[in-house]
Amino acid sequence: MQPPVQPPSTAQTLDQINQLLSHLLPFSLSIKSFTSRWQVLRSKLATVKSLLTEISDSPHWSENELLPTLLPNLLTTVLRVQTLCEQCSDPERTPGKLLMQSDLDMANGWLSKQIHHLDLLCRSGVLRQSTAIVLSHPSVNSTKDDLVLYIRDVFTRIQIGGVEFKKKALESLIQLLSEDEKSAGLVSKEGHVGYLINLLDLNTDSLIREQAVLAVSMFVSLSEQARKCVFEEGALGPLLRIIESGSVIMKEKAALAVECITNDPENAWAISAYGGVSVLLDLIKSGSVGAQIHGVGAIKNVSTNEDVRIALAEEGGIPVLLQLMVSGKALIQEKAANCVAILASSGEYYRDLLIQEKGLQRLLHLLHESSNPDTLEYVLRAIHSLSSSDCASRILSSYTTFIIQLAELIKHGSLMLQYISASLLANKYISEEKKRAIAGCIPSLVKLMESAKPDGLQEVAANALVSLLAVKSNRKELVKDEKSVMRLVQMMDAKNDVVSKKFPVAVVAAVMAGGSQGCRKRLVEAGAYGHLQKLAEAEVAGAKKAVQRLSGNRLKSIFTRTWSN
């Protein structure tokens, strides 16, 4: 029994290709048929010879694991070119013209692909380094040069390696991104990300495609630069196709990637261009919880775009979002509420649609049920926008539970929740009974008037106070609170430049509107009169009237003006 024939070594294969090229290049010059095609083939054969020389001159070329795959394929192509060369040189052996043209074009295509792979391998720099250095996973002590070389090697394998090489390369990339978030910047710069995006194609091996989706989702979640890079390489379309037809895990990862990419507002338009609105709506209607979280997040991101909003309305997206607000997980509720808030602020058309779909009632339900400050903020923003509708405003003004909750948020909520709640109170018609019921938030409103940020907070707090102080018992409650009275007086001090003086003046005027001697006495004792006089002299709006009310000597003022005249 004869021993098995050993395949030629990489060095032997390289020598054989070089010998064939040395023969083919001069021999092809003598071919008289299909001269233009042979001129292109000869140029590519010369490029191959040049690249092989560069490879063999590299100190560690024989250690590279890709060449044992690349060189045999190249040898097969060069042998095929040799056969074509012999056929075109012997008129008696030349097949039909169209068939030969096709064969020559195919050979040109094979050579182009193999030249691309060889050139990529040469430019990556991996042939100039020992395999042990290139393939070992970078440690915390690795230099930037080592990391760059490692990334180039990974992407070289992603592009020109076989199935196993691609799998291992993707595993290496995923490990690198999971261990070192800062590596995303180098991957964007040094890695050919387009090769990674190509693996998202539906015809790619399913396991490789799943790894590629994971790698892309990790990559885009790490930096703005990564998101821009992936978007510019055209990843959005393939990711949306995966959401349509991929496995559960792939859909979740693809949805995460789309959400990250659309975090950049300038990318929002592309969702409509790829037909992505309907894809994302289908995902959040029937996908897994993980997919829904990222799907509604992506819709929230792109709802800032008018084309997307129109598509959402036309494709029935508003009822879907409203349903998610009351039946989804906490994170889904938050993102859905954010999206509804954006829609509610985008014009009367969307506000009317939300109201028609019982959006106000669902927002009020979520306001009552949720304890998440971010969710509550989005809900309040949406309600604030909807309240510009007369119908919604009447509902809100009559809803006692809502009014009481606004007061609680003013007392205990974050600064932004206090701001929106005060604004809602200031702009609503509320019965005296409800105003008495929420008197407990008056001290908090006084305190909010001292806040310089956010812009407009002092005004809405003052307006809400003036509204509540229309009730006599509320005026008495305010002046009983020594801290609130002192805060008002300090705000009127000319040395206090944080607060616009017209706001505390308006509140003091509202306290004195009923002419209560007890309220007058408390304010005078606290020093309000002196500050008001100075503000009146400075012609601050409302200050003269407030001084008159506080002095209690309106008749004397009238006689004084008459005598002067």
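Using the UniProt record's numbering, the first residue of the sequence shown is number 1, and each one after it goes up by one. In this text, a Cβ means the ideal position worked out from N, Cα and C, and glycines have one as well. Predicted model only: the values in this text are computed from it and were never measured.
Should I17 be labelled buried (16 or more other beta-carbon atoms within 10 Å of its own) or exposed? I17 counts as buried, since no fewer than 16 other beta carbons sit within 10 angstroms of its beta carbon.
CB contact flag (A509, A462, <8 Å): Annotated as distal: A509 and A462, with beta-carbon spacing of 8 Å or more.
To the nearest angstrom, how far is the alpha carbon of A298 from that of V220? Taking the straight line joining both Cα atoms gives about 13 Å.
Let me know the secondary structure DSSP gives D352 once reduced to three states. D352 falls in the helix class under three-state DSSP.
If we ignore side chains and look at the alpha-carbon of each, how far apart do I174 and L409 end up? Taking the straight line joining both Cα atoms gives about 45 Å.
Buried/exposed call for N203, threshold 16 Cβ in 10 Å: The Cβ neighbour count for N203, taken over all protein chains shown within 10 Å, is under 16; the residue is labelled exposed.
Counted within 10 angstroms of its Cβ, other Cβ atoms place E377 as buried (16 or more) or exposed: By the neighbour-count definition (other C-beta atoms within 10 Å, threshold 16), E377 is a buried residue.
Within the segment 142–179, ranges of the beta strand (DSSP E) (whole runs, at least 3 residues): Whole beta strand (DSSP E) segments, 3+ residues: zero.
Mapping DSSP to helix, strand and coil, what is S346? Of the three classes helix, strand and coil, the one that applies to S346 here is coil, per DSSP.
Under the three-state reduction of DSSP, which class applies to D105: helix, strand or coil? Annotated three-state conformation of D105 is helix, per DSSP.
Supposed contact pair Q82 and L20 - C-beta distance, whole angstroms, cut 8 Å: Between L20 and Q82 the beta-carbon gap is near 6 Å, inside 8 Å, which marks them as a contact.
Reduced DSSP category for I438 - H, G, I as helix; E, B as strand; rest coil: Here I438 sits in coil by DSSP.
To the nearest angstrom, report how far apart I31 and R37 are at their CA atoms. Straight across, the Cα-Cα distance linking I31 with R37 is about 11 Å.
Span of the alpha helix (DSSP H) holding D26? Residue identity differs from the one stated: residue 26 is Pro in this sequence, not Asp. Here the alpha helix (DSSP H) through P26 covers T10 to F27.
Taking its Cβ as the centre, do 16 or more other Cβ atoms sit within 10 Å of H23, making it buried, or is it exposed? H23 should be labelled exposed.
Could you check what DSSP says for M486 in three-state terms: helix, strand or coil? Helix, per DSSP.
Shortest alpha-carbon distance to R522 belongs to which of A538, Q533 and R475? Of the listed residues, the one whose Cα sits closest to R522 is R475.
Would the beta-carbon of P72 fall within 8 Å of that of T13? Going by C-beta atoms, P72 is nearer than 8 Å to T13.
Who are the Cβ neighbours of A337 in its own chain at under 7 Å, not counting the five residues just before and after it? Leaving aside the five residues that flank A337 on each side, the residues in its chain whose CB is nearer than 7 Å to its CB run, in chain order, M325, L366, T375, Y378, V379 and A382.
Please report the straight-line C-alpha distance between L396 and A407, rounded to a whole angstrom. A straight line joining the alpha-carbon of L396 with that of A407 spans about 14 Å.
Within the same chain, show all residues whose beta-carbon is closer than 7 Å to that of Y274, passing over the 5 residues directly before and after it, in chain order. Excluding positions up to five away in sequence, the list reads L236, G237 and L240.
With distances taken Cα to Cα, identify the nearest neighbour of V485 among I442, L111 and I160. Nearest Cα to V485 within the set I442, L111 and I160: I442.
Might you give, ordered along the chain, the residues of its own chain that have their beta carbon closer than 7 Å to the beta carbon of T10, omitting 5 neighbours on each side? Cβ neighbours of T10 beyond the five flanking positions: S62, L67, P68 and L71.
Would you mind sorting R394 into buried or exposed? The rule is 16 or more other CB atoms within 10 Å of its CB. The residue is exposed, with fewer than 16 neighbouring Cβ atoms inside 10 Å.
DSSP state of Y274, grouped into three classes? If DSSP states are grouped into helix, strand and coil, Y274 belongs with coil.
Where in the segment 181–257 do unbroken runs of the alpha helix (DSSP H), each at least 4 residues long, occur, reported from the N-terminal end onward? Within the segment 181–257, the complete alpha helix (DSSP H) runs of at least 4 residues are 183–190, 193–198, 206–220, 224–232 and 236–245.
Spatially closest choice to N427 from G413, A226, D390 and A311, by CA coordinates: With distances taken between Cα atoms, N427 lies closest to D390.
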